[in-house]
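Presented below is the structure to which this report refers.
2 protein chains.
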Amino acid sequence: MTEAVLVIIDPATKQPQGASPGDRLRLADPAEPQIRVTDLGITRGDGIFETFGVFDGEIQAMQPHLARLARSARMLDLPELDLEVIEEGVRLAVREHESVPQLSVKLVVTRGIEGIEDPTAWALAFVGEDYSGRQHNGLKVVTLDRGYRHDVAQTSPWLLQGAKTLSYALNKAVIREAKRRGADEVIFISSDGYVLEGPNSTVIMRVDQSFVTPRTDQGILEGTTQHALFGIVESLGYRSEYRYVMKDELDRADGVWLVSSGQQLSPVVELDGRPLVRDIELDQALLKRLMARTD
Amino acid sequence: MTEAVLVIIDPATKQPQGASPGDRLRLADPAEPQIRVTDLGITRGDGIFETFGVFDGEIQAMQPHLARLARSARMLDLPELDLEVIEEGVRLAVREHESVPQLSVKLVVTRGIEGIEDPTAWALAFVGEDYSGRQHNGLKVVTLDRGYRHDVAQTSPWLLQGAKTLSYALNKAVIREAKRRGADEVIFISSDGYVLEGPNSTVIMRVDQSFVTPRTDQGILEGTTQHALFGIVESLGYRSEYRYVMKDELDRADGVWLVSSGQQLSPVVELDGRPLVRDIELDQALLKRLMARTD
Numbered sequence: 310m311t312e313a314v315l316v317i318i319d320p321a322t323k324q325p326q327g328a329s330p331g332d333r334l335r336l337a338d339p340a341e342p343q344i345r346v347t348d349l350g351i352t353r354g355d356g357i358f359e360t361f362g363v364f365d366g367e368i369q370a371m372q373p374h375l376a377r378l379a380r381s382a383r384m385l386d387l388p389e390l391d392l393e394v395i396e397e398g399v400r401l402a403v404r405e406h407e408s409v410p411q412l413s414v415k416l417v418v419t420r421g422i423e424g425i426e427d428p429t430a431w432a433l434a435f436v437g438e439d440y441s442g443r444q445h446n447g448l449k450v451v452t453l454d455r456g457y458r459h460d461v462a463q464t465s466p467w468l469l470q471g472a473k474t475l476s477y478a479l480n481k482a483v484i485r486e487a488k489r490r491g492a493d494e495v496i497f498i499s500s501d502g503y504v505l506e507g508p509n510s511t512v513i514m515r516v517d518q519s520f521v522t523p524r525t526d527q528g529i530l531e532g533t534t535q536h537a538l539f540g541i542v543e544s545l546g547y548r549s550e551y552r553y554v555m556k557d558e559l560d561r562a563d564g565v566w567l568v569s570s571g572q573q574l575s576p577v578v579e580l581d582g583r584p585l586v587r588d589i590e591l592d593q594a595l596l597k598r599l600m601a602r603t604d
Numbered sequence: 310m311t312e313a314v315l316v317i318i319d320p321a322t323k324q325p326q327g328a329s330p331g332d333r334l335r336l337a338d339p340a341e342p343q344i345r346v347t348d349l350g351i352t353r354g355d356g357i358f359e360t361f362g363v364f365d366g367e368i369q370a371m372q373p374h375l376a377r378l379a380r381s382a383r384m385l386d387l388p389e390l391d392l393e394v395i396e397e398g399v400r401l402a403v404r405e406h407e408s409v410p411q412l413s414v415k416l417v418v419t420r421g422i423e424g425i426e427d428p429t430a431w432a433l434a435f436v437g438e439d440y441s442g443r444q445h446n447g448l449k450v451v452t453l454d455r456g457y458r459h460d461v462a463q464t465s466p467w468l469l470q471g472a473k474t475l476s477y478a479l480n481k482a483v484i485r486e487a488k489r490r491g492a493d494e495v496i497f498i499s500s501d502g503y504v505l506e507g508p509n510s511t512v513i514m515r516v517d518q519s520f521v522t523p524r525t526d527q528g529i530l531e532g533t534t535q536h537a538l539f540g541i542v543e544s545l546g547y548r549s550e551y552r553y554v555m556k557d558e559l560d561r562a563d564g565v566w567l568v569s570s571g572q573q574l575s576p577v578v579e580l581d582g583r584p585l586v587r588d589i590e591l592d593q594a595l596l597k598r599l600m601a602r603t604d
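Listed in order, the protein sequences are those of chains W and S. First residue of the first sequence: 310, per my numbering; consecutive thereafter. First residue of the second sequence: 310, per my numbering; consecutive thereafter.
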């Protein structure tokens, strides 16, 4: 196992900008404690994150990840982030890591120490989970009620739906519930019956010649991998569509996938106990293009 | 300002139990980093907590807090916790702290390092916020939609409603929303109109000679301070009641309070911009008894 590389980042925009980006980054040992027990990241899950996929040293979707991080920061009223310093921190973690075919970088920004609230941030480059099993054999998925109406991000923005926060205990709990039901993964359904997202992924379905993903105005994340996939399917002659998707449309789809920066693309082969159709050739073509892209 | 005292706890039940409780506790410096960046407490808000009130060296409601911690642990499928060691950790933090009239102890248990998942835990004794302003002058409160139906804990237990988790970013966001609206605090209302709880407190209302709090089968926390308060009001000749409470009943109540282990009891003097009646003598009598109790 290769060693993870940790870069501690001083992420808030400073006025005036005295220090160069390099002065605001430092390498640290991820096996040693780095966080104080009064950091709001750990006492309140009060922070945000992004996970970057890195294939053969190429960091995917850098700008979409940074843009989403900035959106999450605004939703949490965090101080303005210096995206240039953060980008350099992610790149430094990758450069300092042993060269491997596949790497993940987890970038975290917390609100910082309670009472001081100068953000804490770091980038951790590590060899993640091996996703080849789910990519090739597919996933058994159960749908679970997310409890919120599909329009809750509009009506109740304080619920932080659509922000990628550290408050992810629920996203881990639903995976345990899936496993209790003999499945691997989850697709959330709104309390009024709309398909939302996975706890760590975007949902894609194919209906005839069209690839469809749920609209992000339902308090779900804009998927960086989904965005790249839509470019790929369009280049292959398919249409792509963002729209509201009801649960029964998912049941009848010609194909369903979960996509994310780690797994890239995994076909859903069973939904709530029923087998789903699968086009292995298409799955493999899409996965190959996704992993080879430079965006 | 007095120095906070930090006790690191090894909290999981060990089989066979070799070590004595003392061997599983150690004092550490809260000003130094103690947590690794791969701890699921910080990367996923995947853990639980309790906050103990300590008045003149007396730790309040030790057993109710430990029982609630154990319930939260079960809801998160954490390993079984050794409550005896945890209790001793809380007591040690208090003993090692300088003697002060009012102290808080924050107890945290996380799922531990990702991939290892041996829980991380600590107790931090510190002089908390000064609540005398809110206790004596009262609180301006706004009601905000919690987004969930009142029965969501029954229908969708994977949403972890009713567990006191570290995933509290939302509980901080709603306080910012309250401040934007010129208020101090929040009472959550379910999407179907039931009064739930505050982001860090239990809601109490008085209707004539009865003190009422919302039933906890609505995915809200059992309040340790509320429980003590009900004992006190009964000894004063009032009735007490756990039941469903609709929003309009709150508007018409003869008194509304928020209670928690830190603030103990604060009267609500304004609700959604409308002044509420207040009985200062009663407020003061209840607060005095709450702070003097030993339970």
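For every residue, glycine included, the Cβ atom is placed at its ideal position computed from N, Cα and C.
| Check | Outcome |
| --- | --- |
| Since L475(S) and A478(W) should fall inside the 8 Å C-beta cutoff, what is the C-beta to C-beta distance between them, to a whole number of angstroms? | 7 Å |
| What runs of the beta strand (DSSP E), each 3 residues or longer, lie entirely inside the segment 342-377 of chain S? | 356-364 |
| Could you check the C-alpha separation between P342(W) and T311(W) for me, to the nearest Å? | 19 Å |
| Opposite A321(S) in the DSSP bridges: which residues? | L390(S) |
| Taking the alpha helix (DSSP H) that Q535(S) falls in, what are its first and last residues? | T533 to S544 |
| So the candidates are G424(W), T360(W), I357(W) and K415(W); which of them puts its Cα closest to the Cα of R345(W)? | G424(W) |
| Are the segment 578-586 of chain W and the segment 398-405 of chain S touching by the rule of at least three beta carbon pairs closer than 8 Å? | no |
| So M600(W) is in the alpha helix (DSSP H); what residue range does that whole segment cover? | I589 to A601 |
| Of all the residues that make up the segment 450-471 of chain W, which are near chain S by a beta-carbon distance shorter than 9 Å? | L453, D454, R455, G456, Y457, R458, V461, T464, S465, P466, W467, L468, L469 and Q470 |
| So, using beta-carbon positions, are S575(W) and T511(W) closer together than 8 Å? | no |
| Tell me whether the segment 431-443 of chain S and the segment 364-377 of chain S touch, counting them as touching only if at least three CB pairs, one residue from each stretch, are closer than 8 Å. | no |
| Is the beta carbon of S498(S) sitting closer than 8 Å to the one on D454(S)? | Position check: residue 498(S) holds Ile in this sequence, whereas Ser was assumed. Taking 8 Å as the Cβ cut-off, I498(S) and D454(S) qualify as a contacting pair. |
| Helix, strand or coil: how does DSSP classify Q573(W) here? | strand |
| I think E609(W) touches L412(W), with their Cβ atoms under 8 Å apart; what is that distance to the nearest whole Å? | As shown, chain W starts at 310 and ends at 604. That puts residue 609(W) outside it, with no answer to give. |
| What is the rounded straight-line gap between the Cα of D391(S) and the Cα of L349(W)? | 26 Å |
| Is there at least one Cβ from chain W nearer than 8 Å to A492(S)'s Cβ? | no |
| I need the straight-line Cα distance from P508(W) to V554(S), nearest angstrom please. | 32 Å |
| Anything in chain S within Cβ reach of E359(W), meaning under 9 Å, just list it in chain order. | Result: empty, since nearest Cβ-Cβ is about 12 Å, beyond 9 Å. |
| At the 8 Å Cβ level, is R523(W) part of the contact set with chain S, yes or no? | Note that residue 523(W) corresponds to Pro in the displayed sequence, not to Arg. Taking Cβ atoms only, chain S never reaches closer than 8 Å to P523(W), which makes this a no. |
| Report yes or no: is there a C-beta of chain S within less than 8 Å of the C-beta of A430(W)? | no |
| DSSP state of L580(W), grouped into three classes? | strand |
| With a threshold of 8 Å between beta-carbons, can S569(W) be considered close to chain S, or not? | no |
| Considering Cα atoms alone, identify which of K473(W), G442(W) and I317(W) is closest to Q593(W). | G442(W) |
| How would you write the range of the beta strand (DSSP E) that R335(S) sits in, first residue to last? | L334 to A337 |
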